[in-house]
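Engineer: According to our numbering, the sequence shown is numbered sequentially starting from 1240.
Sending over a structure as structure tokens; questions will come in a sec.
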Amino acid sequence: MSADRLTDEKTGEPYFLAKVEVDAADLGQLRDIRLSPGMPAEVMFLTGEHTLLDYMLAPVEASLTRTFREN
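What follows is the structure, given as structure tokens:
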């Protein structure tokens, strides 16, 4: 996945570049849909369940963990 969004030169639409692989078992469910390299797709990435508070407190938690070590 690209680190930052890119912009299509022709349309000005923003997008992210990603390499996506589809399991062979899942390809059978596509029946009438034909996939080809380079085609646009809408993909959902599952990253886990975190709240905004989890992201905000992560640096504080990491600092506290390092602070109270003896070594």
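Ideal placement from N, C-alpha and C gives every residue a C-beta, glycine not left out.
From alanine 1257 to methionine 1240, what does the alpha carbon distance come to, in whole angstroms?
Structural biologist: 4 Å
Engineer: Would a C-beta distance cut-off of 8 Å place valine 1282 and valine 1261 closer than the cut-off?
Structural biologist: no
Engineer: Using C-beta distances below 8 Å, list every residue in its chain close to alanine 1263, excluding the 5 sequence neighbours before and after it, in chain order.
Structural biologist: none
Engineer: Helix, strand or coil: which one does DSSP assign to leucine 1245?
Structural biologist: strand
Engineer: Three-state secondary structure (DSSP) at proline 1253?
Structural biologist: strand
Engineer: Does the distance from the C-beta atom of tyrosine 1254 to that of aspartate 1243 stay below 8 Å?
Structural biologist: Cβ distance not < 8 Å, so tyrosine 1254 and aspartate 1243 don't count as in contact.
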